[in-house]
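Asker:
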Amino acid sequence: PLGASLHAVLLVADARPRRWSADDLETFDDVAALAAAELATCEALTDAVDLLEGLDVVAWQADARLERFSYVSPHAEALLGFARDAWSHEGFWRARLHPDDRADAIAVVDALAEGDAAHDLTYRLVAADGRTVWVAHTAHAMPRPEGGGFAARRGLWRDVTAHRDALEAAVQARREAEQASRVKTHFL
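Numbers 2 to 189, taken from our numbering, label the letters of the sequence shown in order.
#1: Can you tell me whether Pro144 is helix, strand or coil according to DSSP?
#2: In the DSSP assignment, find the unbroken beta strand (DSSP E) run with Val73 in it and report its ends.
#3: By the DSSP assignment, the alpha helix (DSSP H) with Ala128 in it spans what residues?
#4: Do Tyr124 and His99 have their beta-carbon atoms positioned less than 8 Å apart in this structure?
#5: DSSP puts Leu81 in a beta bridge; with which residues?
#6: So for Asp86, helix, strand or coil by DSSP?
#7: Would you report the Cα separation of Glu78 and Glu27, rounded to the nearest angstrom?
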């Protein structure tokens, strides 16, 4: 936690009094500095995870073809109703794709699987309760540390269902207005 103090005890199993040399004291200072840096790193990592997991998006990491997810943030459960560990099953994402979007989404992801291109897609997923959820999908490749291809993809899904519904409602309202205008013109 922020503001925590680091305390350490050095235990020397020797009953004889000892005089610590300047080198010994410098080593103790170095060890204390390393421990403080490690604590700061842990606090920063905890803060970053809290930030990421508090966002209204799903952060994820998966293999290059999105066959198996190694991480999905907690919002995945709220968005689609599936437990986070379900995403680790092979083929889970592909099975959740809406039938009308499945072929196109898989084709794009598979075509990019060996490339380093970042990509943005919008498609539908089917939630556990059968709802259709539109997501804006943004991802990028993660190179293998040893080189030669890509080990994984990381990305975000943002729920854009309300936006898509509003667009569809606007399109429908325009169609109805145009139809009403045609009917009015026909009768006049």
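We put the beta carbon where it would ideally sit given N, CA and C, even for glycine.
Answerer: This is what the structure gives:
#1: By one-based count along the sequence shown, residue 144 stands at place 143. Reduced to three states, the DSSP call for Pro144 is strand.
#2: Here residue 73 corresponds to residue number 72 of the sequence shown, with the count starting at 1. That run of the beta strand (DSSP E) goes Phe70 to Val73.
#3: Along the sequence shown, read from residue 1 onward, the residue named residue 128 stands at position 127. Segment: none, Ala128 is in no alpha helix (DSSP H) and carries neither H nor E.
#4: Residue 99 sits at position 98 when you count from the first residue of the sequence shown. Residue 124 sits at position 123 when you count from the first residue of the sequence shown. Yes, these two residues count as a Cβ contact at 8 Å.
#5: Residue 81 sits at position 80 when you count from the first residue of the sequence shown. Looking at the DSSP assignment, Leu81 forms no beta bridge with any residue, so it has no partner.
#6: As a working note, residue 86 is residue 85 in the sequence shown. Helix.
#7: Here residue 78 refers to the residue found at position 77 when the sequence shown is read from its first residue. Here residue 27 refers to the residue found at position 26 when the sequence shown is read from its first residue. Looking at the two C-alpha atoms, the distance is approximately 50 Å.
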